[in-house]
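**Student:**
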Amino acid sequence: TRTVPGELKWAASPSEGGWEEVSIMDEKNIPIRTYQVCNVLEPNQNNWLRTDWIPRSGAQRVYVEVKFTLRDCNSLPGVTGTCKETFNLYYHESNEDRESYIKESSFIKVDTVAADESFTQVDVGDRIMKLNTEVRDVKVTTRKGFYLAFQDVGACIALVSVRVFYKTCPLTIRNLATFPDTITGADTSSLVEVRGSCVNQSEEREEPKMYCGADGEWLVPIGGCFCSPGYEEKGGACKACSAGFYKAKSSDAGCFKCPPHSHSVRDGATVCDCHSGFFRADSDPPSMACTQPPSAPQQLISVVNETSVVLEWAPPRRLGGRSDTSYSLDMVARRCSQTKLCLPCGSDVLFSPGQTGLKTSRVVVSELRAHTHYTFIVHARNGVSQASGAGAAQSVSVSVTTNQAGEKCFYTIVILLSLIVCLSLSAPSPVSSILAIDVTRHSLSLSWQQPDRPNGVILEYEVKFYEKDQKERSYRIMRTFSRSVDVTGLNPLTVYVFHVRARTAAGYGEFSAPFEFSTNSGIHAVKFSSCRACIKVYVQKRSKYSKTKQDSEEEKHLNPGVKIYVDPFTYEDPDQAIHEFAKEIDVSSIHIEKVIGMGEFGEVCSGRLRVQGKREIYVAIKSLKAGYSDKQRRDFLSEASIMGQFDHPNIIRLEGVVTRCKPLMIITEYMENGSLDAFLRKHDGQFTVIQLVGMLRGIASGMKYLSDMSYVHRDLAARNILVNSNLVCKVSDFGLSRVLEDDPEAAYTTRVRRKIPIRWTAPEAITYRKFTTASDVWSYGIVMWEVVSYGERPYWDMNNQDVIKAIEEGYRLPAPMDCPVVLHQLMLDCWERERAERPTFSQILNMLDKLIRNPGTLHPQGPCWSRGWVCVPEWSVCEWLQSIGLERYRDTLAAAGYTSLDSLLALTHQEMDRLGIITPSHQNILIASVQQEVLSQMQHMQHSMVPV
8 TRTVPGELKW AASPSEGGWE EVSIMDEKNI PIRTYQVCNV LEPNQNNWLR
58 TDWIPRSGAQ RVYVEVKFTL RDCNSLPGVT GTCKETFNLY YHESNEDRES
108 YIKESSFIKV DTVAADESFT QVDVGDRIMK LNTEVRDVKV TTRKGFYLAF
158 QDVGACIALV SVRVFYKTCP LTIRNLATFP DTITGADTSS LVEVRGSCVN
208 QSEEREEPKM YCGADGEWLV PIGGCFCSPG YEEKGGACKA CSAGFYKAKS
258 SDAGCFKCPP HSHSVRDGAT VCDCHSGFFR ADSDPPSMAC TQPPSAPQQL
308 ISVVNETSVV LEWAPPRRLG GRSDTSYSLD MVARRCSQTK LCLPCGSDVL
358 FSPGQTGLKT SRVVVSELRA HTHYTFIVHA RNGVSQASGA GAAQSVSVSV
408 TTNQAGEKCF YTIVILLSLI VCLSLSAPSP VSSILAIDVT RHSLSLSWQQ
458 PDRPNGVILE YEVKFYEKDQ KERSYRIMRT FSRSVDVTGL NPLTVYVFHV
508 RARTAAGYGE FSAPFEFSTN SGIHAVKFSS CRACIKVYVQ KRSKYSKTKQ
558 DSEEEKHLNP GVKIYVDPFT YEDPDQAIHE FAKEIDVSSI HIEKVIGMGE
608 FGEVCSGRLR VQGKREIYVA IKSLKAGYSD KQRRDFLSEA SIMGQFDHPN
658 IIRLEGVVTR CKPLMIITEY MENGSLDAFL RKHDGQFTVI QLVGMLRGIA
708 SGMKYLSDMS YVHRDLAARN ILVNSNLVCK VSDFGLSRVL EDDPEAAYTT
758 RVRRKIPIRW TAPEAITYRK FTTASDVWSY GIVMWEVVSY GERPYWDMNN
808 QDVIKAIEEG YRLPAPMDCP VVLHQLMLDC WERERAERPT FSQILNMLDK
858 LIRNPGTLHP QGPCWSRGWV CVPEWSVCEW LQSIGLERYR DTLAAAGYTS
908 LDSLLALTHQ EMDRLGIITP SHQNILIASV QQEVLSQMQH MQHSMVPV
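At position 486 of the sequence shown the residue is numbered 493 (the working numbering), and the sequence of numbers has no breaks.
1) Which class does C248 belong to by DSSP, given the choice of helix, strand or coil?
2) Going by DSSP, what residue range makes up the beta strand (DSSP E) through N139?
3) Are P823 and S796 closer than 8 Å when you measure CB to CB?
4) What residue range does the alpha helix (DSSP H) around M854 cover?
5) Is it the case that the stretch 197-208 contacts the stretch 242-250, given that we only count it when at least three CB pairs across the two stretches are under 8 Å?
6) Kindly list the residues whose CB is nearer than 7 Å to the CB of A303, restricted to its own chain and excluding five residues on each side of it in sequence; keep chain order.
7) Helix, strand or coil: which one does DSSP assign to P575?
8) Ends of the beta strand (DSSP E) at T675?
9) Opposite R181 in the DSSP bridges: which residues?
10) Using DSSP with H/G/I as helix, E/B as strand and the rest coil, what is Q401?
11) Just mark L933 as buried or exposed, buried being the case when its beta carbon has 16 or more other beta carbons within 10 Å.
12) Taking the CB atoms as reference points, tell me whether D104 and W60 lie closer together than 8 Å.
13) Under a three-way DSSP split, which group does A99 fall into?
14) Pick helix, strand or coil for C205, following the three-state DSSP scheme.
15) Kindly list the residues whose CB is nearer than 6 Å to the CB of C668, restricted to its own chain and excluding five residues on each side of it in sequence; keep chain order.
16) Is R324 helix, strand or coil when you go by DSSP?
17) One question on the structure: do V618 and S519 come within less than 8 Å of each other, judged by their Cβ atoms?
18) Classify Y108 as buried or exposed, calling it buried when 16 or more other Cβ atoms lie within 10 Å of its own Cβ.
19) For S595, which of helix, strand or coil comes out of DSSP?
20) Quick one: Cα of E27 to Cα of A156, how far?
21) Starting from T382, trace the alpha helix (DSSP H) in both directions and tell me its first and last residue.
22) Give me, in chain order, the residues of the same chain whose beta-carbon lies closer than 8 Å to that of Y473; leave out the 5 immediate sequence neighbours on both sides.
23) Could you please give me the residues that DSSP links to C826 through a beta bridge?
24) Have a look at N46 and C163 and give me their C-alpha separation to the nearest angstrom.
25) Identify which residue in G663, A66, H866 has its Cα closest to the Cα of E587.
26) Taking a contact to mean a Cβ-Cβ separation below 8 Å, would you say G268 touches C281 in this structure?
27) Among P38, P521, F153, which has the Cα closest to the Cα of G13?
28) In the DSSP assignment, find the beta strand (DSSP E) that holds R640 and state where it starts and stops.
29) In angstroms, rounded to a whole number, what distance separates the CA positions of D691 and K632?
30) Could you check if E841 is buried or exposed, using at least 16 other CB atoms within 10 Å of its CB as the buried criterion?
31) Compute the Euclidean distance between the alpha carbons of C265 and N182, then round it to the nearest angstrom.
32) At the level of alpha carbons, what is the spacing between L138 and Q52?
33) Go ahead and label I673 buried or exposed: buried means 16 or more other beta carbons lie within 10 angstroms of its beta carbon, across all protein chains shown.
34) Could you tell me which uninterrupted beta strand (DSSP E) segments, each at least 3 residues in length, are contained entirely in the stretch 226-273, listed from first to last along the chain?
35) Cα-Cα, which of Y515, E839, P84, P862 is closest to I697?
36) If you count every other CB in all the chains shown that lies within 10 Å of the CB of D740, and 16 or more means buried, which is it?
Take a look at the structure:
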């Protein structure tokens, strides 16, 4: 209304005695039109004021800003019960401006508006205007326009101004796509999807889209455009590459300077033309320098041996700037009679290693005719030798005449006998040693030295190999010209035997002695041979665990330079922490592809990150939803401040953050297989025990790194472990994590009474809300159980209170089906009641490494013996007690007549009390473990009903 010249002439009811239009001067001494009413002495006031018809212009939600002053009823004498300090706002939708009077029943109430500030008569005298500003929003979607109405019910009020507006997301350019000025949606939470159009001289890489939020801000940019070939992005537009520069593909980052020996004379070049005398092959990329054909080979020499010729030459003096030089040979032969008449001569000549496409500069030519004149021409070529204008290949030639193969019968016999002796002596000696230079789960890379006595030119090597268990019943052969070979398609954790032999013109030499190599680890499995050996190893391990504090202090003493974690919550300004520990990423480098989930603070998307000078990588993008509080922003960025301090292959990697524009984002590496628990449930039973132990080893390595930094996670669980496409497990989710003090016995007490994950949390952390690395070890034991059980829920359907009570009474989770005894024992060690008795992550890592190096120890039940119809595992009571860590009761049980696992099924809590086994946790372990053992034997029998 401030911009309307003259009178407003709104409809008022009643037309007299109600709202009155008045001119006043605003705070800048500019005259404005207002409406006032002050009927406070008479009760039951119902004064209406209606605006003119307002076209909505496509808006779906409009906002009404009302500025008004209101008299304090307490400052008006004698108005008790009749004076009000509020008024009502209404609206009515209509297609046309035809309504000349106010029909109250057609209006819909928006709100009752009250004043934050009211004035008194004294205020007016002092010329103090206490102006109130209120904004209300109205959804208008059914008609072309609407009316607003103000109802006075007995207040002393003046409407100083009324402003009606709607919100739009402004015209913008994002990722080289133009998004038009867009009206927001009808609902306060709605998002309007808008498709962008590529700017001039650009093309779509993926459909550009953004969402217009209700507050008029653009959200979640997806897709975008590339500048066309010959153009690069500058200031949100595509500009032509200047002369001397080019851009070949739209996906290239920008214009590049013309490579050597090339030029561009016009703007917008997609490729640079070669200088005169220089060329580019069809397969050469535009970024490659223009090159020349090579000059002729040098120093061609020949050595004639009767009907064979050895040709050798030096590389060309000028290679033309390329590395793909090759050689080919032409031969011209003429046979001459005693009359010196020379005739063309056909030939079945042999060239070794070949006649064309040669990379070597030495060729042996055999099967020539005696007393024949030959001319050999050696050509040098490279990738541009065939280019138009390059000219003929440069060459060098030599002429030779072969010798007599044999003059007389006697000499022929002597020569043949000598040849036989020479051939028998010229075979190469065996290869003396073979080395494995690279070992993976499915391949081996081998190399070897030339035989000590090659006795000629080595033409090729032959590699024979087979699985050790198969001996030579089934073998494979590979041939190579070099002294190395990559053998692929092998089985993991399998020992292979390799033999290598060399071949010269005289034939193959003998195979080398056998050399054994194993995929993945290269170390053979070793099995424990007796119960006594197992007990010795186990006792040593237990005594080591009991020195947790000492080991921790010793490790820190041995590594005084280890990096210590800094808690971002110690910073008063969270931006200082985020900029110290995390890299700021330009939002234009991020390409969002799809939404993959919802996090605590907003959407989680997958996409790609392309930083200048680095290859494009897949990433995960966490965004902070609009309308966040300062605390939510601090908590959101604190996780990035935490992750930014870590650098380990088994800790989720932070790529960077976006804090200089909205929405705020955290960019991390993308883990294709998602969370570990869901991944295991999806692939139930599909992995070997070694693969599962490998996953556990990665988690333990990451946790050792965290503990070395004096950092405690507090929420270690399979759901917070992420898995990539190579089955590498990485610790993530640092939202609940906190730092430890310098004292290794210190614990962190939670700042707030937050819910903690009972099933994964150590008893002392549940009871006292104190967390240490030892409580993380307890959680790691639960993760071990989750992994071996393929994502089963710990403690199944027990509620949290039952879980807490059971743990206090000594109950521990039994071994999952087919779980190796040593793994379950490691779980039990992690679940020791006393923190000092639990292993450290360093000890856990060492134990898992030993198990991987000795896979024979990972048999689910131990030795296998024939029992009737099936072959099932069978332990002695001694071995079984040792495997669950309770060998201390061996003599007690033996004296009571418990000499087999079947007899142990009769054990009860009362019987164990009588025998002196009174520790509740030990009683529970004995009963649960023997039941699990017998159940496993029954399952083996069900799966293997075949006579042996």
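Ideal placement from N, C-alpha and C gives every residue a C-beta, glycine not left out.
**Tutor:** Concretely, from the data shown:
1) coil
2) 139-146
3) yes
4) 848-860
5) yes
6) Excluding sequence neighbours, A303 sits near P323, A387, Q401, S402, V403.
7) helix
8) 672-676
9) A184
10) In the structure shown, Q401 sits in a strand (DSSP, three-state: E or B).
11) buried
12) yes
13) With the sequence shown as reference, residue 99 is identified as His, and Ala is not the correct amino acid for it. Of the three classes helix, strand and coil, the one that applies to H99 here is strand, per DSSP.
14) strand
15) Sequence-distant partners of C668 (beyond 5 residues in either direction) whose C-beta falls short of 6 Å from its own C-beta, in its chain, are V594.
16) coil
17) no
18) exposed
19) It is helical.
20) 14 Å
21) It is not in any alpha helix (DSSP H) - T382 instead sits in the beta strand (DSSP E) that spans 379-388.
22) Here Y473 has E479, R480, S481, Y482, R483, Y503, V504 as same chain residues with Cβ atoms under 8 Å from its own Cβ, once five neighbours each way along the sequence are excluded.
23) DSSP lists no partner for C826.
24) 7 Å
25) G663
26) Looking at the sequence shown, residue 268 is not Gly but His. Yes, the Cβ-Cβ distance between H268 and C281 is below 8 Å.
27) G13 has its Cα closest to that of P38, out of P38, P521, F153.
28) Taken as a continuous stretch (DSSP letters only), R640 belongs to no beta strand (DSSP E), being part of the alpha helix (DSSP H) at 637-650.
29) Looking at the two C-alpha atoms, the distance is approximately 36 Å.
30) In this structure E841 is exposed. Its beta-carbon is surrounded by fewer than 16 other beta-carbon atoms within 10 angstroms.
31) 26 Å
32) 24 Å
33) When all chains shown are included, I673 counts as buried.
34) 238-241, 244-247
35) P862
36) buried
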